[in-house]
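Numbering (the UniProt record's numbering), first residue to last: 1 to 854.
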C-alpha cells in the first residue's frame, strides 16, 4: 500500500524487488534510486540470526559502504515545510562473516545525529527523530570513523502534523516510547496513523485497566495515539500509592522533552472520581488532572529540561476516590541542529551538474558541510553558523562533455571556475560575464566555438578577470571576427590570440568612440534629467545642491493645486522634523501631503532625495509617491493615504485596535519584504538608514509599507560599506555604524530587529525608568532569566499566539541586533524566517476555526 507522504526504503534490496510488507501493508522500495555507491543485493544477514518477533522483512538485507568515508541518502519528502518522523534501522546480522560489529557516525543533514553502536550481531538498533527540514531535501549520512564498515538496513520517513511535538527549538531524538498495560508486544501502522512504534512495557507492580470500546472516535486530534495503546492503562494496586517512573540520563547535559498520553478507560460510577497531580522531581507539573472517558489527551513539558535524575509521580488528589492511571509515554532528547546548510540554490546547481556530467567523486550530501567532507573540486566560504557559499569549482580533466550548463550562474559567490581540458562544446555562455564575483575563468583545452562574450573580453582587458581560452580552435574574439573568419580563407581550425586583438582593434575603437562622445557631450550638454522608471538607484539618490528634480509628467503639482487638494490645509494628519502632513484629495482619492518647513535646510536635501528615489523605486511594501510640489519655494511630497497611520501608533496602548499576533506577523513580513527589495531589488543596493515603527505605514487592509526615504543611501558596491556621517533615530541606530561611521545594509537589519521587538512587546524602545533601558536588553534579560515567552509578548494578547512562532521571532530579532554586523542575517533570510513564523500562527488560527489540516 502506498500511503501519502510515506517514504519506505529497504536498503540493499535488488532494484525492481519492491514489495508490500506483510505485517504493515506498507510498500517498500529499493534504495538504488536514493544513492549511487555502496554494496547491496548480495549483503544478506546470516541465516543463523534468530527471526523473532522483532525481526522484520527489512532486516533480511542491507547496504554496506566499505570504500567511502562518507555516504549520504538524499531524501526529498513530497511535502515541504512539514514536520517528519525519520527512522533509520540497523541490524548487522554478521552479513560479512567477520562477526565484528562495527561502529560509525550517523548524520542528519550537515550535523551529527548520533553514533551507531550495536549491542551485538543479533540485536537491531532503531534511531528515530522528529525533524523539520530547512530545505526541500534532507540527507541521511553515514560516516566511517575507523571502527568498522558503515551499513544500514532501512530508512522510513513519515509526515506529522506541524501542530504536534512543538518545541521552542531543535529536533526531537526518540529516547523511549512505552505502552503501559498492553498485551501486544509492539504496535505500529496501520494501528498508528503516523507509524510510530509502541513497544509494550511490562509493569508487574501495577494492575491493568482496559476497555473493548474505541478510544478517540474523533480522528481530527493532533497526536492521535492508537486506540490499542489508549484502551489500556496501568493503575497502582494500592489505591493510595502513586505511580512512579524515573530514569537517570547517561549524559546529564541532555535536554529531555516528555509527552504523556492519558484516557479514562473505566466507566466511573456517580460516586467515583479520578483526579491526580503530575509531579516532576517533587514539583507540580500539572497540579490537578482528570482524564476524560474514552478520549485521549496529551500532557507534555513545553521546553527541554536537563536534570541529573527525572522522577515523575502521578499522585491522587484529596478530591479523588480512585488512584491515578497511566496509558503511555514518549520521551525525547532535544537535538539542536544549528548549522545552516549550503545556500539552497547553490546545492541545486551542484546536484544538477552531478546529474548532467555523471560525476562519481564524493559528491553526496551537502557540498560544503561538514568541512571535513567538502566535495572534491570545491572551495567554500564559511561564516559561523550562516549558510556556506561555494567560491571555487575545479572540474579540470573530468571528462565533461556537452555545453556549459546555465545553472553555474546560480553559484553567486563563485570566484574561480576551472573547466579546462574537457570535451565541452557549444558557445561560451554570456551569463559568465554577469557573474560579478568571478575573478578566474579557465576554459582552455575544450571544443568551444563562436565569439567570446564582450563582457568577458572587457573584464579581461581591465584585469578584473583572468581569462584562459587557449586550445579552443573555433573560438574568436568577437562576432565580427567570427563572421570574417567564415567568409575568409576557411582556416577556421587555427587558434586565435585574444590579447593582441583586444589591444590593437578594440582598444583603438574605444579611444575613437570616447573622443567623439566627449565632443558630442560638450556641444549638447543640458541640465541633467533622469527619466521616470530608470533603475539607476545611484542617480535617484544624488543630492548634489545643483541637481534638478526628476521631470515626470502629471507628478509635478503647483502650489495652488496643493492648496486645493488639502482644502487650504484643513486637516492635519501629523507633524515631524520635516514639516506638517495634511489630508488631501485628488479626484476623489485621498492622499497625504507632507509640506516642507521653510526653516528646514536639511529637510530640503531629504525632500529631493525622497522624490528622486520614489520616482524610480516601486514595490508593494514601499509607500507610493503620487507626486511632489516644488513651486516658488513651496515644497511638498504627496503620498498615497495610509488609513491606519503608522505602526508606532497602532502598537500604543491608547490605540483603539489591538493588533493580533497574526496581524503583527503579517506587518513584520510586509516591512521585511520592503527592506529586502531596497537591499536586493535595487542596483546598487539602497540602505534606508531610518527604519522604525513610525516609518512603517498601514493601509486599509493593514498592509505595511516602508516610508520616509530622505536619509536613504545607495552603495557603489553590493555588500560593501560607505563612510558617512551618522544619521538615524536613537534606539534604532546600529551601534557599529555609530562608532565607525561605516554604513552597511546590515545597519537596516539592526533597526529592523528593534522593530520586531516592538512588535512582540509593544514596549518603548528606550525606557530610562528601567534598568534595562534598551528594548533589546529587556527582551534578552527576560528570556535568559525567565525563559517564558508569555512574559515577553504583549500581555494584552492574553497568550493568544503560537508559542513556537513567538520564539522564532525572538530568535530572529536577537540575531538582527547582534553587536557585529557580520553576525546579523541578511534581509532575504529574515523574510524567509518570518514567513515560517506566520505559517505557524496561521495553522494555530485555522485550527481554532475548525480548519484542520489533513
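We put the beta carbon where it would ideally sit given N, CA and C, even for glycine. Remember, it's a predicted structure, so these values are computed and weren't measured experimentally.
With a threshold of 16 other CB atoms inside 10 Å of the CB of residue i, please say whether the residue is buried or exposed.
i	result
residue 292	exposed
residue 13	buried
residue 739	exposed
residue 178	buried
residue 73	buried
residue 741	exposed
residue 267	exposed
residue 231	buried
residue 707	buried
residue 788	exposed
residue 183	exposed
residue 861	Within the shown structure, residues of the chain are numbered from 1 to 854, placing residue 861 beyond reach of any answer.
residue 469	buried
residue 304	buried
residue 737	buried
residue 103	exposed
residue 214	exposed
residue 688	buried
With a threshold of 8 Å on Cβ separation, who are the neighbours of residue i within its own chain once the five nearest residues in sequence on each side are excluded?
i	result
residue 190	24 and 25
residue 222	161, 163, 164 and 298
residue 766	730, 731, 773, 774 and 775
residue 845	662
residue 286	277, 278 and 299
For residue i and residue j, what's the separation of their Cα atoms in angstroms?
i	j	result
residue 192	residue 226	5 Å
residue 6	residue 158	5 Å
residue 762	residue 748	20 Å
residue 855	residue 8	Since the first residue shown for the chain is 1 and the last is 854, residue 855 is missing from the structure and cannot be characterised.
residue 800	residue 661	7 Å
residue 710	residue 593	15 Å
residue 21	residue 154	13 Å
residue 434	residue 684	15 Å
residue 101	residue 121	6 Å
residue 601	residue 558	At residue 601, the pLDDT of 42 sits below 50, so the modelled position is not reliable; the number obtained from the coordinates is stated separately. Distance between the alpha carbons of residue 601 and residue 558: 21 Å.
residue 254	residue 667	38 Å
residue 18	residue 34	14 Å
residue 383	residue 753	20 Å
residue 443	residue 422	9 Å
residue 574	residue 585	16 Å
residue 648	residue 694	5 Å
residue 295	residue 216	5 Å
residue 88	residue 429	44 Å
residue 675	residue 622	8 Å
residue 633	residue 817	41 Å
residue 44	residue 448	49 Å
residue 16	residue 40	13 Å
residue 843	residue 330	24 Å
residue 581	residue 567	13 Å
residue 413	residue 54	50 Å
residue 474	residue 59	58 Å
Beta-carbon within less than 6 Å of residue i's beta-carbon, same chain only, minus the 5 sequence neighbours each way: which residues are those?
i	result
residue 832	none
residue 151	62 and 64
residue 376	361 and 362
residue 366	110, 341 and 342
residue 590	641
residue 206	234
residue 834	668, 669 and 672
residue 746	821 and 824
residue 106	113, 114 and 116
residue 425	447
Once the 5 residues before and after residue i are set aside, which same chain residues still bring their CB inside 7 Å of it?
i	result
residue 655	649
residue 841	661, 662, 665, 801, 802 and 805
residue 847	163
residue 370	110
Those runs of the beta strand (DSSP E) which lie wholly inside the stretch 63-146 and span at least 3 residues: 70-75, 84-90, 103-108, 111-117 and 125-131
The stretch 209-216 / the stretch 249-265 touching (three or more Cβ pairs under 8 Å): yes
Runs of alpha helix (DSSP H) lying entirely within the stretch 226-286, each at least 4 residues, in chain order: 227-230
Every unbroken alpha helix (DSSP H) inside the stretch 623-701 [4 residues or more]: 647-651 and 661-676
Alpha helix (DSSP H) runs wholly inside the stretch 780-849, at least 4 long, in chain order: Complete alpha helix (DSSP H) runs here, min 4: 803-816 and 827-848.
Length-filtered (3 minimum) beta strand (DSSP E) runs lying within the stretch 297-361: 297-300, 310-316 and 328-335
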